[in-house]
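Numbering (this note's numbering), first residue to last: 916 to 1181.
Note that beta-carbon positions come from the ideal geometry of N, C-alpha and C, so glycine has one too.
Just so we're clear, the structure is a prediction, and the values are computed from it rather than from any experiment.
These notes concern the structure reproduced below.
Below is the structure:
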């Protein structure tokens, strides 16, 4: 068994442990929230927002763990097509978010308990939360679905004419490296003739394995497309940082994919 197979097996085991742990988390949150609910019922009455919030905790936690389970199942179903390191990073992100989320809800329950003991309803108001849960933002779902993105998917999004891809094919190279330390190696450089006219291109883009690499690749392909349109002429570099393509990709293209893939399950 090779290293990749071992890493894949470890990832599958980690995901299964997270899924199994979610059942225990749901049981514990339900148990403590119901206990807090009855204490609040006696202390502040049925109509109190603090009393009702105990039931909200249970509902929210259920939907959070349900969505987490859907995302983890997606990774398991597609694991043979994913970059294992990239998938591991996303699973670690989900696991870290899960830890913060559970800790936050325990804090909510504890605040209600203390409010009941002190008979001070205002003390049971939810503490401020400094992060968005998995059901309050689609950013985590986009990270998951972007794991299965590839060049064909980006071609469909960019919708450049086939001649562009034919033009760059002889010069096109990809690399799979850690973007945190080596993003600077990627580049798009026009190659010019003796008249300073564009005749070719030097292009190195990241292999698309996750959301970060997809967004960087889009920026590089857009620069390459500007060079392609300038072939036979002098190239005037455009301010690519003003492009809205990465934002459009994330907020529209991936959002649509997310809805088609997960909507019925979330």
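Cutoff 7 angstroms: residue i Cβ touching any chain C Cβ
i, result
"residue 1081", "Here there is only one protein chain, and chain C is not present."
CA nearest to the CA of residue i, picked from the options
i, options, result
"residue 1036", "1049, 962, 1104", "962"
"residue 1016", "978, 996, 994", "978"
"residue 1099", "1090, 1107, 1106, 1105", "1090"
"residue 1096", "1121, 1073, 1076", "1121"
"residue 971", "1024, 1057, 1144, 1158", "1024"
"residue 1093", "975, 923, 998, 980", "998"
"residue 1087", "1101, 1076, 1074, 1075", "1101"
"residue 1042", "1067, 986, 947, 1021", "1021"
"residue 1063", "1083, 1049, 989", "989"
Strand pairing of residue i, partner residues [DSSP]
i, result
"residue 1105", "1116"
Three-way DSSP call (helix, strand, coil) for residue i in this model
i, result
"residue 1088", "strand"
"residue 1077", "helix"
"residue 1146", "strand"
"residue 1121", "strand"
"residue 1045", "coil"
"residue 997", "coil"
"residue 1095", "helix"
"residue 1018", "helix"
"residue 1052", "coil"
"residue 990", "helix"
"residue 1110", "coil"
"residue 1176", "helix"
"residue 948", "helix"
Residue burial classification, residue i (beta-carbon count within 10 angstroms, cutoff 16)
i, result
"residue 1125", "buried"
"residue 917", "A caution first: residue 917 carries a pLDDT of 44, below 50, which makes its placement in the model too unreliable to give a value."
"residue 925", "exposed"
"residue 1128", "buried"
"residue 927", "exposed"
Cβ-Cβ separation, residue j to residue i (assumed contact under 8 angstroms), whole Å
i, j, result
"residue 1131", "residue 1164", "Between residue 1164 and residue 1131 the Cβ distance is about 11 angstroms, and since that is not below 8 angstroms, they are no contact."
"residue 1123", "residue 1065", "5 angstroms"
"residue 984", "residue 937", "6 angstroms"
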